[in-house]
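Number of protein chains: 2
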Amino acid sequence: MNKLYVVGFGPGSREGMTIQAQTALNSADVIVGYTVYTELIKKYFLEKNIYSTAMRQERDRTEYALKQAAEGRDVCLVCSGDSQLYGMAGLALELSAAYPEVDIEIIPGVTAAFSGGAILGSPLTHDFAVISLSDLLTPIEKIYKRLECAAIGDFTVVLYNPSSKKRYDYLQRACEIMLEYKPAETICGYVKNIGREREESKITTLGELKKIDVDMFTTVFIGNSETKLINGKIVTPRGYRHE
Amino acid sequence: MNKLYVVGFGPGSREGMTIQAQTALNSADVIVGYTVYTELIKKYFLEKNIYSTAMRQERDRTEYALKQAAEGRDVCLVCSGDSQLYGMAGLALELSAAYPEVDIEIIPGVTAAFSGGAILGSPLTHDFAVISLSDLLTPIEKIYKRLECAAIGDFTVVLYNPSSKKRYDYLQRACEIMLEYKPAETICGYVKNIGREREESKITTLGELKKIDVDMFTTVFIGNSETKLINGKIVTPRGYRHE
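First to last, the sequence lines map onto chains A and B.
Number 261 marks the last residue of the first sequence (the working numbering); no jumps.
Number 261 marks the last residue of the second sequence (the working numbering); no jumps.
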């Protein structure tokens, strides 16, 4: 059966890929992905045919990958981070109905919540929620509701897509919602360009976070009520009782 | 400076490790971990000194790893999945204050939410919450509150540690809380022994899930209001609008 691998390659370095992801990419005839992502990894796969398209052309890109696989080529459709989370795995499965001869294999990867968390310390030791601030495909009221629920539930929160040119104040609004339930001293942090050139991280508080400009390559962490600083690292303890 | 690597090795297969994790483990003098986890990976690192301890001896194990590193050995403290999430990274950072000569590096890994999700399809395409049902270190009321908040926020939910001998009915109680807010037809799934011998997965509904017996090596997925079945796979769409 023809195979389409939907591969999450992690932050973008070779070291951050799983061995399974590297093996699939090494044996692919074609690598398909968003230009920014294929640019990150093409240096590791110089011999490969790479087909890349611009942002928001997810459907075209996925159709192309499915067609290539249907024609008998080994295809990897790549995503940074994990292949499910805000990635292409769901869309590939949705569109695959028209390609019954193609078997889809989802190869997971390390998403920014974990690769970024590891840079800051261990913010995600315990229960957490991931929320994207992009309202391109989700109504903004739903996003606000989730921020509120995550704050009330005292989850550690990871924000993806915290900003873009059109949404310059979304992080500020998210912080304001959180500040209705959480103290301004809550430990927060963010990491830009995780595992890439110009990686940059900062630890701050919820009160300060709302004044900070971030870009779409930034991942933001908001601690729970137990999150603390230890030697300049963010640490969420494993629970409320201590051995 | 002496190094202690806290390494998440993914589900347990060599293929599921990142290259970074494999490199750290290959160059370690000592590998330290919970017996169940070191048993999983020792076949890949036959030449290594392995120090393993039983469950709940996390503090002893971490102290041992820090001491070994302080004495100049290259040490990897290993966790299955990711090294932060319900793992040892937080504790290592907490205990490291007594070992200023040891530099701790957190190496992230693919956690069960993603390795298990990839087996079921793409349940985690969009915003999600992870909740552990273990009340060993968290008050049960807090766990219930989080389940409620995750249901109200319409997050896809991943449950870790859904059961143990003492907590045989915790998944049932979690489902009952969710059923107050979500229809019984909500798509759910679970995966046992992800990436290991006797891996087993099943797709079901929230109404059925509460009747199912699971063990502590099972990861449970509860869909959001948009989650659907496509060709026997769980797919959460990327958002509410479609291109």
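From the three backbone atoms N, C-alpha and C, an ideal C-beta is built for every residue, glycine too.
| Query | Result |
| --- | --- |
| Nearest-angstrom Cα separation, counted from LEU43 (chain A) out to GLU218 (chain A) | 28 Å |
| Residues that DSSP places opposite GLY139 (chain A) in a beta bridge | A:ILE252 |
| CB contact check: VAL15 (chain B) to chain A, cutoff 8 Å | Residue numbering for chain B in the displayed model covers 19 to 261; residue 15 (chain B) lies beyond these limits and cannot be assessed. |
| Coil, strand or helix - VAL209 (chain A) by DSSP | strand |
| Endpoints, the beta strand (DSSP E) within which THR222 (chain B) is located | 218-223 |
| Test item: CB-CB of LEU189 (chain B) and SER182 (chain B) under 8 Å | no |
| Span separating the alpha-carbon of GLN40 (chain A) from that of ILE122 (chain B) | 27 Å |
| Residue ranges of each alpha helix (DSSP H) within the stretch 59-139 of chain B, 4 or longer | 76-88, 107-113, 130-138 |
| Cβ-Cβ distance between THR174 (chain A) and PRO201 (chain A) below 8 Å | no |
| Where LEU22 (chain B) falls, given that 16 or more other Cβ within 10 Å makes a residue buried | buried |
| Chain A within 8 Å of GLY241 (chain B), Cβ atoms only | no |
| Three-state class that DSSP yields for ASN179 (chain A) in the structure shown | coil |
| Among A:GLY213, A:MET106, A:GLN102, A:TYR55, nearest to PRO126 (chain B) - alpha-carbon criterion | A:GLY213 |
| Closer than 8 Å to chain C by CB, ILE230 (chain A) | In the structure shown, chain C cannot be found, because the protein chains are A and B. |
| Cβ-based contacts, 9 Å cut-off: residues of the stretch 32-60 of chain A near chain B | ARG32, GLU33, GLY34, MET35, THR36, ILE37, GLN38, ALA39, GLN40, THR41 |
| LYS163 (chain A) versus THR237 (chain A) - alpha carbon distance | 20 Å |
| Residues near SER70 (chain A) by beta carbon distance below 6 Å, same chain, minus five either side | GLY51, THR53, THR56 |
| Whole-angstrom distance between THR254 (chain B) and ASN242 (chain A), CA atom to CA atom | 27 Å |
| Within chain A, partners of LYS201 (chain B) - CB distance below 8 Å | Note that residue 201 (chain B) corresponds to Pro in the displayed sequence, not to Lys. Within chain A, no residue comes near PRO201 (chain B); the closest Cβ sits about 18 Å away, beyond 8 Å. |
| Exposure label - LEU224 (chain A); buried when at least 16 CB within 10 Å | buried |
| Chain B within 8 Å of THR184 (chain A), Cβ atoms only | Correcting the residue type first, residue 184 (chain A) is Lys in the shown sequence and not Thr. No, LYS184 (chain A) does not count as interfacial toward chain B. |
| Nonlocal neighbours in the same chain, by C-beta distance under 6 Å from ALA46 (chain A), ignoring five residues either side | ASP92, CYS94 |
| is_contact[LYS220 (chain A), chain B] using C-beta, thresh 8 Å | no |
| Below-8 Å beta-carbon distance, ILE158 (chain B) vs any chain A residue | no |
| Among A:TYR208, A:VAL96, A:LYS184, nearest to SER152 (chain A) - alpha-carbon criterion | A:LYS184 |
| ALA115 (chain A) versus LEU247 (chain B): straight-line alpha-carbon distance, rounded | 12 Å |
| N-terminal and C-terminal residue of the alpha helix (DSSP H) that TYR162 (chain B) is part of | 158-170 |
| Beta-carbon proximity check, ALA107 (chain A) vs VAL209 (chain A), cutoff 8 Å | no |
| Simplified DSSP state of VAL54 (chain B), which is helix, strand or coil | helix |
| Cross-chain neighbours of GLN102 (chain A) in chain B, by beta carbon under 8 Å | PHE132, GLY135, ALA136, SER140, PRO141, LEU142, THR143 |
| Whether LEU113 (chain A) touches GLU81 (chain A) by CB criterion (8 Å) | yes |
| Within-8 Å CB hit, PHE27 (chain A) to chain B | no |
| Spatial neighbours of ILE170 (chain B) in its chain, beta-carbon cut-off 7 Å, leaving aside the 5 residues before and after | TYR199 |
| Local conformation of THR237 (chain B) per DSSP, three classes | strand |
| Assigned exposure category for HIS260 (chain B) - 16 Cβ within 10 Å defines buried | With a pLDDT of 46 at HIS260 (chain B), under the threshold of 50, the predicted position of this residue should be treated as unreliable, and no value is reported. |
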